[in-house]
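Participant: Shown below is the structure under consideration.
Residue numbers (the working numbering): 847 to 963.
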């Protein structure tokens, strides 16, 4: 099985088509010990390709700005994108540039507050 690990949670990606449609990269897949995987909370399977899970790092095709998706503070069922203002903040948050997902302009999220370290 292939899981997406985000924010101490694991999401099973049910098939190759979903993985590719979400613009994930095959070189992101790593074998890890089952004991490590067991430390993550099991969440829903990923079956929807119209949005990305919370805590995904995203950028749009023709824009260099990087955002993190998070639950809206007011309505936890909604998502917002929070801008990461510079590389220093990005690095302080221990993010990896090779794990940023490039998305289409048609995938729209409301703006949340700027993400700070």
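Idealized CB from N, CA, C, for every residue including glycine. Keep in mind it's a predicted model, so treat the numbers as computed, not measured.
Please report how far the alpha carbon of residue 911 lies from the alpha carbon of residue 931, in whole angstroms.
Facilitator: Distance between the alpha carbons of residue 911 and residue 931 is about 8 Å.
Participant: Given a cut-off of 8 Å on the beta-carbon distance, is the pair residue 865 and residue 903 in contact?
Facilitator: Contact flag unset, no.
Participant: Smallest Cα separation from residue 854: which of 887, 905, 872, 906?
Facilitator: Nearest option by C-alpha distance: 887.
Participant: Would you mind reading off the limits of the alpha helix (DSSP H) that contains residue 892?
Facilitator: First-last for residue 892: undefined, no H or E at that position.
Participant: Using three-state DSSP, classify residue 860 as helix, strand or coil.
Facilitator: Residue state, collapsed to three classes: coil.
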